[in-house]
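**Q** Just dropping this structure here.
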Amino acid sequence: EDQVTQSPEALRLQEGESSSLNCSYTVSGLRGLFWYRQDPGKGPEFLFTLYSAGEEKEKERLKATLTKKESFLHITAPKPEDSATYLCAVQPKTSYDKVIFGPGTSLSVIP
Amino acid sequence: EPEVTQTPSHQVTQMGQEVILRCVPISNHLYFYWYRQILGQKVEFLVSFYNNEISEKSEIFDDQFSVERPDGSNFTLKIRSTKLEDSAMYFCASSGTEQETQYFGPGTRLLVL
Chain B
1 EDQVTQSPEA LRLQEGESSS LNCSYTVSGL RGLFWYRQDP GKGPEFLFTL
51 YSAGEEKEKE RLKATLTKKE SFLHITAPKP EDSATYLCAV QPKTSYDKVI
101 FGPGTSLSVI P
Chain D
1 EPEVTQTPSH QVTQMGQEVI LRCVPISNHL YFYWYRQILG QKVEFLVSFY
51 NNEISEKSEI FDDQFSVERP DGSNFTLKIR STKLEDSAMY FCASSGTEQE
101 TQYFGPGTRL LVL
């Protein structure tokens with residue numbers, strides 16, 4: 001069964017304290033892996049798409065990496081405005097449409 | 001920057017009533033999706049829609065649900081007879097192709113009493 005897990009469930013960082021969020025996935029062939037940011041009561045906001053192991057994408061303080069079994073979202077010198085829930089999602093090759101979401105990591109960055 | 005919009009932002013209804021949730025996808029996108037998120041739970045896929053027909057649906061998307069693209073801009077989700085467990089945030093998403101990134105709207109919070 002296709003599955004996505006994320007760790008930790010919640011993370012509290014001091015402003016400027018870098019860290020990484022983990023996304024582990026089990027799918028029957030990976031079409032793509034996505035990272036989204038979700039603020040409370042809002043829709044997921046697209047951050048990155050990764051397609052193959054070894055691929056990396058960067059945007060401001062965020063960097064996403066992909067291996068055959070997991071993806072990491074590295075946050076460098078976070079600011080309070082980075083506080084949100086970060087969602088990982090995968091699109092398996094068995095489906096052209098469905099995206100399977102993980103439970104998310106709730107990040108709080110304290111000034 | 002183009003974005004997906006959804007109306008209403010909040011909807012309160014009585015159990016057994018019909019509701020229609022509306023979405024305006026990004027204008028040049030061809031693939032449309034509905035997801036739901038029960039409070040505190042994962043975002044779950046409901047259905048995808050392309051070329052005026054359903055492409056894929058999940059086991060959640062049973063006979064009480066239907067989708068429609070009534071005109072060139074709107075995409076709707078109808079729940080025929082709402083149940084208490086239908087209370088959730090419903091997100092519409094769209095993509096340019098089936099393999100491209102899906103962009104999500106802000107959601108409609110549905111509360112069934």
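Respectively, the protein sequence lines represent chains B and D. Mapping of the first sequence onto my numbering: residues 1 to 111, in sequence order. Mapping of the second sequence onto my numbering: residues 1 to 113, in sequence order. We put the beta carbon where it would ideally sit given N, CA and C, even for glycine.
Alpha carbon to alpha carbon, how far is D:M89 from D:V24? Give it in angstroms, no decimals.
**A** Their Cα atoms are separated by approximately 17 angstroms.
**Q** DSSP three-state label for B:P40, please.
**A** Here B:P40 sits in coil by DSSP.
**Q** Just mark B:K98 as buried or exposed, buried being the case when its beta carbon has 16 or more other beta carbons within 10 Å.
**A** It counts as buried.
**Q** Assign D:L21 to one of three DSSP states: helix, strand, or coil.
**A** It is a strand residue.
**Q** From this set, B:K93, B:D82, B:T5 and B:S83, which residue's C-alpha is nearest D:V43's C-alpha?
**A** D:V43 has its Cα closest to that of B:T5, out of B:K93, B:D82, B:T5 and B:S83.
**Q** Is DSSP giving D:L84 helix, strand or coil here?
**A** Helix, per DSSP.
**Q** May I ask you to list the residues that DSSP assigns as paired with B:S83?
**A** Its beta-bridge partners do not exist; DSSP assigns none.
**Q** Going along chain B in order, which residues have a C-beta closer than 7 angstroms to the C-beta of D:Q102?
**A** Within chain B, the residues near D:Q102 are V99.
**Q** Just mark B:Y51 as buried or exposed, buried being the case when its beta carbon has 16 or more other beta carbons within 10 Å.
**A** By the 10 Å Cβ count, B:Y51 comes out exposed.
**Q** Under 8 angstroms, Cβ to Cβ, is there at least one residue of chain D near B:K42?
**A** So, interface residue.
**Q** What's the gap between the Cα of B:G41 and the Cα of D:F65?
**A** If you take the alpha carbons of B:G41 and D:F65, they lie about 23 angstroms apart.
**Q** Return yes when the Cβ of D:V4 is within less than 8 angstroms of the Cβ of D:F104, no when it is not.
**A** Yes, the Cβ-Cβ distance between D:F104 and D:V4 is below 8 angstroms.
**Q** Name the chain D residues that come within less than 8 angstroms of B:S52, Cβ to Cβ?
**A** Those within 8 angstroms of B:S52 in chain D number zero; the least Cβ separation is about 13 angstroms.
**Q** Which partner residues does B:V99 have in the DSSP bridge list?
**A** B:V99 is not bridged to any residue.
**Q** Do the CB positions of D:S55 and D:F61 come within less than 8 angstroms of each other?
**A** No, they are not a contact pair.
**Q** Under 7 angstroms between beta-carbons, which chain D residues line up against B:S95? List them in chain order, please.
**A** What B:S95 touches in chain D: E56.
**Q** For the structure I just gave you, are there three or more beta carbon pairs, one from the region 21-38 of chain B and one from the region 56-76 of chain B, closer than 8 angstroms?
**A** Cβ pair count under 8 angstroms is three or more, so yes.
**Q** Is the CB-CB distance between B:P80 and B:P111 below 8 angstroms?
**A** Yes, they are a contact pair.
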